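The next block holds one structure in the form of structure tokens; read it before the comments.
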Amino acid sequence: MQDLLSVYTREKIIKADILASVRPSAEKGAPTSIQDIHGYHAHIYFNAQTLDQARALCEAATEKFAVQMGRVHQKLVGPHPDWSCQLAFGHEQLADVTLWLALNRDGLVVFLHPLTGNELRDHTDHAIWMGAVRPLNLSALSG
């Protein structure tokens, strides 16, 4: 029994060492809890053919959840690779808005991220994609 326990303990230590070596080290001041999140943005991506669909989705979200709807941008804005419309909302709406968008996006790409104050990490490490992952213009973000 003692030998079995020492093998188990040794394997557990080895696994912990491996995990520690592949995890990125925590940046100083990097968000570590949900208290570091001040809100969320969901960006709905569209093109000329899906403009009306995207506008209707965003307007329906504002009516259903009282989220803030930004402009419907028919040009590239910030890091976004496609035309987009932004929905802004808080913690209390995250689950409902996310699930509703997942069920109602009807093929549109949705890019969702928290607002922690670190734009680069929010748009990369902390992001959630619904649909195809699109390449962002990260040079438009501050770290």
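At position 124 of the sequence shown the residue is numbered 191 (the numbering used here), and the sequence of numbers has no breaks.
Just so it is clear, CB atoms sit at the ideal spot from N, CA and C, and this is done for glycine as well.
Because the structure is a prediction, the values reported are computed rather than measured.
Determine the closest residue to residue i out of the options, with distance taken between C-alpha atoms.
{"i": "residue 118", "options": "160, 198 and 141", "result": "141"}
{"i": "residue 112", "options": "132, 164 and 173", "result": "173"}
{"i": "residue 100", "options": "201, 158, 120 and 206", "result": "158"}
{"i": "residue 150", "options": "116, 180, 130 and 163", "result": "116"}
{"i": "residue 120", "options": "190, 182, 133 and 139", "result": "139"}
{"i": "residue 104", "options": "183, 202, 208 and 194", "result": "183"}
{"i": "residue 126", "options": "199, 200 and 171", "result": "171"}
{"i": "residue 169", "options": "102, 128, 114 and 106", "result": "128"}
{"i": "residue 198", "options": "110, 102 and 106", "result": "110"}
{"i": "residue 202", "options": "145, 134, 108 and 102", "result": "145"}
Do you know how far the Cα of residue j is from the Cα of residue i?
{"i": "residue 185", "j": "residue 192", "result": "10 Å"}
{"i": "residue 204", "j": "residue 136", "result": "22 Å"}
{"i": "residue 179", "j": "residue 123", "result": "18 Å"}
{"i": "residue 195", "j": "residue 130", "result": "23 Å"}
{"i": "residue 143", "j": "residue 190", "result": "16 Å"}
{"i": "residue 206", "j": "residue 176", "result": "21 Å"}
{"i": "residue 155", "j": "residue 147", "result": "16 Å"}
{"i": "residue 209", "j": "residue 188", "result": "9 Å"}
Over the uninterrupted alpha helix (DSSP H) stretch that includes residue i, give me the two end residues.
{"i": "residue 188", "result": "186–190"}
{"i": "residue 122", "result": "118–132"}
Run through DSSP, which three-state label would residue i get?
{"i": "residue 151", "result": "strand"}
{"i": "residue 160", "result": "helix"}
{"i": "residue 141", "result": "coil"}
{"i": "residue 207", "result": "helix"}
Return the first residue and the last residue of the beta strand (DSSP E) that residue i is part of.
{"i": "residue 199", "result": "Counting along the chain, residue 199 falls outside any beta strand (DSSP E), and DSSP gives it neither H nor E."}
{"i": "residue 175", "result": "Note, residue 175: premise wrong, no beta strand (DSSP E); not H, not E."}
{"i": "residue 108", "result": "107–113"}
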